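Structure, as structure tokens:
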Amino acid sequence: MEPLVVVDHVNKHFGELHVLKDITTTVHKGEVVVVIGPSGSGKSTLCRAINRLETIDNGTITIDGKKLPEEGKELAKLRADVGMVFQSFNLFAHKTVLENVTLGQINVRKRSKADATKRAMELLERVGVANQASKMPSQLSGGQQQRVAIARALAMDPKVMLFDEPTSALDPEMINEVLDVMVGLAEEGMTMVVVTHEMGFARKAGQRILFMAEGEIVEEATPEEFFTNPKSPRAQDFLSKILTH
Ligand SMILES: Nc1ncnc2c1ncn2[C@@H]1O[C@H](COP(=O)(O)OP(=O)(O)OP(=O)(O)O)[C@@H](O)[C@H]1O
Ligand SMILES: [Mg+2]
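Heads up: the sequence shown is residues 1 to 245, going by full-length UniProt numbering.
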């Protein structure tokens, strides 16, 4: 498999706090990597570093062979290659659903309004919210908003999609409608890095689990290996806590 995201000896501090400790991992094209671990272990920081929403102290991150640019146009381009969906719904509140999905295409990908609209409607259809296109985000349920956020990211034709706990702010009945879209993407071969506490998703769609604790990758294994035979005491402890919920 071809490497797509290469994280090499990356360190990150917030003041005194060492949040990413010598992180090295490679996400290959078409791979679905699920990142799990206790609160504060650095999962979000790792995702944000891959999208360069956070700077790193040292080490390198490359996306499809290109080192993360520092700023400017190159960075905007790179961000478009890396789709990101966050826990909190972060649609543009004053734009319609359709505009949310066309804006980046027009501004960054330089598509015509007609092309962008066509593509947006295909994607909204695909995530099951095409009938909401003219509404404002606040008029949608949380699950619908997250599906729009996924469509918005996909509209940029990203090389990789990062999901940071995309379902953890949702009411239980809306979790599956978002996970179903993600499973569909995984099945189609989208390269994905997914931070989640949804172990069903991790088993079903994940090809590799990264277990993080205190800023380190403590274990890297297939879901099967990880869930049936976690090697480290920290992973065993974490699993015993979440699986008994
Ligand atoms: N901007 C920031 N300034 C200072 N400290 C931060 C900042 N962002 C995160 N941290 C700290 O860095 C550590 C890692 O945070 P991070 O959000 O990456 O953890 P996480 O694994 O995503 O946790 P959670 O499961 O709660 O989302 C935490 O101790 C957090 O308090
Ligand atoms: Mg987090």
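Note that CB positions come from ideal geometry on N, CA and C, so glycine has one too.
Model, not experiment: these values are computed from the prediction.
Secondary structure note for residue 208: its beta strand (DSSP E) is the uninterrupted segment 208 to 213. Every residue whose Cβ sits closer than 5 Å to any heavy atom of ligand 1 is listed here in chain order: 14, 19, 39, 40, 41, 42, 43, 44 and 45. Under the Cβ criterion (8 Å, minimum of three pairs), the stretch 93 to 105 counts as touching the stretch 118 to 131. Between the stretch 165 to 177 and the stretch 130 to 149, the count of C-beta pairs closer than 8 Å reaches three or more; the two stretches touch.
Taken in chain order, the unbroken stretches of beta strand (DSSP E) that lie wholly in the stretch 29 to 83 and span 3 residues or more are 32 to 36 and 58 to 63. Taking C-alpha positions only, residue 137 is separated from residue 207 by approximately 33 Å.
Straight-line spacing of the CA atoms in residue 60 and residue 71 works out to 15 Å. Short of 7 Å from the beta carbon of residue 218, and not among the five residues preceding or following it, lie these beta carbons of its own chain, in chain order: 211, 212, 232, 234 and 235. Straight across, the Cα-Cα distance linking residue 227 with residue 2 is about 26 Å. A residue is called buried when at least 16 other Cβ atoms come within 10 angstroms of its Cβ; residue 24 does not meet this threshold and is exposed. In the DSSP assignment, residue 14 forms a beta bridge with 17. With a threshold of 16 other beta carbon atoms within 10 Å, residue 134 falls short and is exposed. Look at the beta carbons and you see the stretch 25 to 40 not touching the stretch 77 to 86: under three pairs across the two are nearer than 8 Å. Distances from the CA of residue 39 to each of 220, 223 and 216 were compared; the closest alpha carbon is that of 216.
At least one heavy atom of ligand 2 sits closer than 7 Å to the Cβ of residue 195. The continuous stretches of beta strand (DSSP E) do not include residue 190, and DSSP gives it neither H nor E.
Under the 10 Å beta carbon count, residue 149 is surrounded by 16 or more other beta carbons and is classified as buried. Ranked by how close their Cα comes to the Cα of residue 27, the residues 47, 151, 56 and 124 have 47 in first place. Inclusion of residue 191 and residue 68 in the CB contact set at 8 Å is not warranted, their separation being larger than that value.
For residue 165, the number of other beta carbons within 10 angstroms of its own is at least 16, and it is reported as buried. With a 10 Å radius around the Cβ and a threshold of 16 neighbouring Cβ atoms, residue 188 comes out exposed. Residue environment analysis places residue 66 among the exposed positions, since fewer than 16 neighbouring C-beta atoms fall within 10 angstroms of its C-beta. Taking every protein chain shown into account, the CB of residue 16 has fewer than 16 other CB atoms within 10 angstroms, so this residue is exposed. Relative to ligand 2, even the nearest heavy atom lies 7 Å or more away from the CB of residue 171. Residue environment for residue 51: buried (at least 16 other C-beta atoms within 10 angstroms of its C-beta).
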